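Under UniProt numbering, think of the first position of the sequence shown as 1, with each following residue one higher. The beta carbon of each residue, even a glycine, is placed where N, CA and C say it ideally should be. Treat the numbers as computed from the prediction; the structure is a model and nothing was measured. This report refers to the structure that appears directly beneath it.
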Amino acid sequence: MTIDLSALPKPAVIRELDYEAIVERQKQTFLAKWAVARAQFPDLPAYSVEMLDSDPFAIDNQAESTREMLLRAEINDTFRSTFLYFARRGNLDHLAASVPVLRMPGEDDDRFLVRILLGIMGRSTAGPQERYQFLAMSADLRVKWAEPYRIGRSPVIYIAIFSSEADGVASAGLLNAVRAAVTAPAAQVMNDTVIVQPAIRKVANLAADIWLLPDAEEATVARAASNLRAAWATEQGLGRDLVAAWWISKLMIPGVHKAVPATSADVVAQPTEAISIGSINLVLKGRAY
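Structure below.
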């Protein structure tokens, strides 16, 4: 399992202040200096025009407070870019070079970050699961995730491959590429027997009753089903459960009044399984507000 960097405290090099706090601090500084000036020059009036939009100090204070707020944010953002979770593009490449891990052609920052962490965690010569995950994801950009596992006490290591290809199913060519990477002499632990195979595909057929708003066209039902499929294509992954509350929420597109699943049970996936949506049977029950 990779480290959840998003759960760590947000680093900062200088204290972040909100706009109102900066404005108030600047105002109090000005009032203190104005009081000193009035003591020296009694003819100066008391400062009492702060609420006027035309007050020169208020205008200048707002501009300077905005500038300071943006400057503080920029300094902290620049500082954070030296940390893995916040680094992007070239900054991430430079941090990865010390691991060392190189970005694959066409690889986005999020996937690259996962590989960097796997590369760090998989350094042990004992061949931890992160090592095989790193090798699999480094073999081909189409590897979305890899899950190494054993069956019982068997010494054989199986690696389930979840692909970015259609419905997560890894092609023969992709499996061959991963197999070559994890069994290369420089990569494979001598005592390990490794078998690379596609993730187990678990098909879930979904059914629900659906009600439309009075002015919605019947084609809304088909669009709701399409929206659900598109959402799951984005969220689908190894070991990812298909939760009833989640997929029902994806049916609630504009024009849908409510949707009630035929069963409220979640579809549970094992770590080596990837759930695919089979049929979606939506029964139009009527219209309501």
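When you compare the CB positions of residue i and residue j, do they come within less than 8 Å of one another, or not?
{"i": "Ile210", "j": "Leu284", "result": "yes"}
{"i": "Phe162", "j": "Leu238", "result": "yes"}
{"i": "Leu142", "j": "Val169", "result": "Going by the sequence as given, residue 142 is Arg instead of Leu. Their beta carbons are not under 8 Å apart, which means Arg142 does not touch Val169 by this criterion."}
{"i": "Leu31", "j": "Tyr47", "result": "yes"}
{"i": "Ala208", "j": "Leu282", "result": "yes"}
{"i": "Glu130", "j": "Met121", "result": "yes"}
{"i": "Ser65", "j": "Val23", "result": "yes"}
{"i": "Gly255", "j": "Ala216", "result": "yes"}
{"i": "Thr220", "j": "Leu212", "result": "yes"}
{"i": "Asp110", "j": "Arg89", "result": "no"}
{"i": "Ala231", "j": "Lys250", "result": "yes"}
{"i": "Leu17", "j": "Leu84", "result": "no"}
{"i": "Trp145", "j": "Leu206", "result": "no"}
{"i": "Phe112", "j": "Leu95", "result": "no"}
For the beta strand (DSSP E) containing residue i, name the first residue and the last one.
{"i": "Thr193", "result": "Thr193 to Pro198"}
{"i": "Tyr149", "result": "Val143 to Tyr149"}
{"i": "Phe41", "result": "Neither: Phe41 is in no beta strand (DSSP E) and is coded neither H nor E."}
Could you tell me how far apart the beta carbons of residue i and residue j are, in whole angstroms, since I believe they sit closer than 8 Å?
{"i": "Tyr132", "j": "Ile159", "result": "6 Å"}
{"i": "Val114", "j": "Ala139", "result": "Going by Cβ atoms, the distance from Val114 to Ala139 rounds to 14 Å, so no, they are not a contact pair."}
{"i": "Ala204", "j": "Val267", "result": "4 Å"}
{"i": "Ala172", "j": "Ala181", "result": "Actually they are not in contact, since the Cβ atoms of Ala172 and Ala181 sit about 15 Å apart, beyond 8 Å."}
{"i": "Leu175", "j": "Pro148", "result": "With a Cβ gap of about 14 Å, Leu175 and Pro148 do not count as contacting."}
{"i": "Asn61", "j": "Gln26", "result": "5 Å"}
Residue i lies in the alpha helix (DSSP H); which residues open and close that run?
{"i": "Arg103", "result": "Looking at the DSSP string, Arg103 is not in any alpha helix (DSSP H), and its letter there is neither H nor E."}
{"i": "Thr78", "result": "Pro56 to Arg80"}
{"i": "Gln129", "result": "Gln129 to Ala139"}
{"i": "Met121", "result": "Asp109 to Met121"}
{"i": "Ala222", "result": "Ala219 to Glu235"}
{"i": "Asp93", "result": "Gly90 to Ala97"}
{"i": "Leu52", "result": "Run containing Leu52: none; DSSP gives neither H nor E here."}
{"i": "Gly173", "result": "Ala172 to Val182"}
Considering only DSSP beta bridges, list what residue i is partnered with.
{"i": "Pro261", "result": "Ala208"}
{"i": "Ser276", "result": "Val203"}
{"i": "Ile161", "result": "Ala146 and Pro198"}
{"i": "Asn281", "result": "Ala207"}
{"i": "Leu242", "result": "Val267"}
{"i": "Gly286", "result": "Trp211"}
{"i": "Val256", "result": "Leu212"}
{"i": "Asp156", "result": "Strictly speaking, residue 156 in this sequence is Val, with Asp absent from that position. Answer by DSSP bridge pairing, in chain order: Thr193."}
Step through the CB atoms of chain C and report whether any lies within less than 8 Å of the CB of residue i.
{"i": "Val99", "result": "Going by chain labels, chain C is absent from the structure shown, which holds only one protein chain."}
Checklist entry - Are the region 97 to 108 and the region 67 to 82 in contact at 8 Å, needing three or more beta carbon pairs? => result no
Checklist entry - Does the count of Cβ pairs from the region 251 to 264 and the region 220 to 229 closer than 8 Å reach three? => result yes
Item to check | contact_flag[the region 233 to 252, the region 269 to 280] where n(CB pairs < 8 Å) is 3 or more | outcome: yes
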